[in-house]
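A short write-up of the structure that comes next.
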Amino acid sequence: MKAEDLYTVLQAPVITEKSTIAGENNQVVFRVPLEATKPQVKEAVEALFKVEVKAVNTMRVKGKQKRFRGMLGKRSDIKKAIVTLADGHSIDVTTGL
Numbered sequence: 001m002k003a004e005d006l007y008t009v010l011q012a013p014v015i016t017e018k019s020t021i022a023g024e025n026n027q028v029v030f031r032v033p034l035e036a037t038k039p040q041v042k043e044a045v046e047a048l049f050k051v052e053v054k055a056v057n058t059m060r061v062k063g064k065q066k067r068f069r070g071m072l073g074k075r076s077d078i079k080k081a082i083v084t085l086a087d088g089h090s091i092d093v094t095t096g097l
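Residue numbers for the sequence shown follow this note's numbering, beginning at 1 and rising by one.
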């Protein structure tokens with residue numbers, strides 16, 4: 001995978017209370033494109049952060065229906081990847097790449 005593609009696979013870290021708790025278990029949560037696969041996510045994390053990835057779990061989060069100015073609209077669907085790192089490896093997502 002080309003270097004430019006690595007940056008498109010990992011869109012942003014997910015900073016929530018739940019992802020912070022997961023960080024204590026050596027896990028990091030990223031927002032990824034809907035078409036991204038687990039091997040692509042693993043390759044991107046290992047190349048960009050120089051860490052060893054133990055496992056990758058993905059989930060699709062359906063967008064909520066919201067009302068705006070009386071019209072019913074829908075927020076975009078997103079995909080999240082929970083990356084489990086090998087023992088002895090860590091990523092500080094708050095500092096950026």
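Ideal placement from N, C-alpha and C gives every residue a C-beta, glycine not left out.
Only a predicted model underlies this, so the values are computations on that prediction, with no experimental measurement involved.
Exercise. Looking at C-beta atoms only, is the number of pairs between the segment 34-42 and the segment 85-93 that lie closer than 8 angstroms three or more?
Worked result: Counting Cβ pairs under 8 angstroms, fewer than three are found: no touch.
For this session: Out of PHE68, ALA44, VAL51, LYS79, state which residue places its alpha-carbon closest to the alpha-carbon of VAL61.
Result: Taking the Cα of VAL61 as reference, the smallest distance to any Cα among PHE68, ALA44, VAL51, LYS79 is reached at LYS79.
Exercise. Which two residues bound the contiguous beta strand (DSSP E) that contains ILE82?
Worked result: Per DSSP, ILE82 belongs to the beta strand (DSSP E) from 78-85.
Exercise. What span of residues does the alpha helix (DSSP H) with GLN65 cover, start to end?
Worked result: Taken as a continuous stretch (DSSP letters only), GLN65 belongs to no alpha helix (DSSP H), being part of the beta strand (DSSP E) at 65-68.
Problem set entry | Limits of the unbroken beta strand (DSSP E) element including GLY73 | 71-74 is the extent of the beta strand (DSSP E) around GLY73.
For this session: Measure the alpha-carbon distance for SER19 versus LYS66 and round it to whole angstroms.
Result: Those two C-alpha atoms are separated by around 25 angstroms.
For this session: Note down the Cα distance separating THR84 from VAL28, rounded to an integer number of angstroms.
Result: Cα to Cα, THR84 sits roughly 7 angstroms from VAL28.
For this session: Work out the CA separation of MET71 and ALA86 for me, nearest whole Å.
Result: Linking ALA86 to MET71 through their CA atoms gives a straight-line distance of about 47 angstroms.
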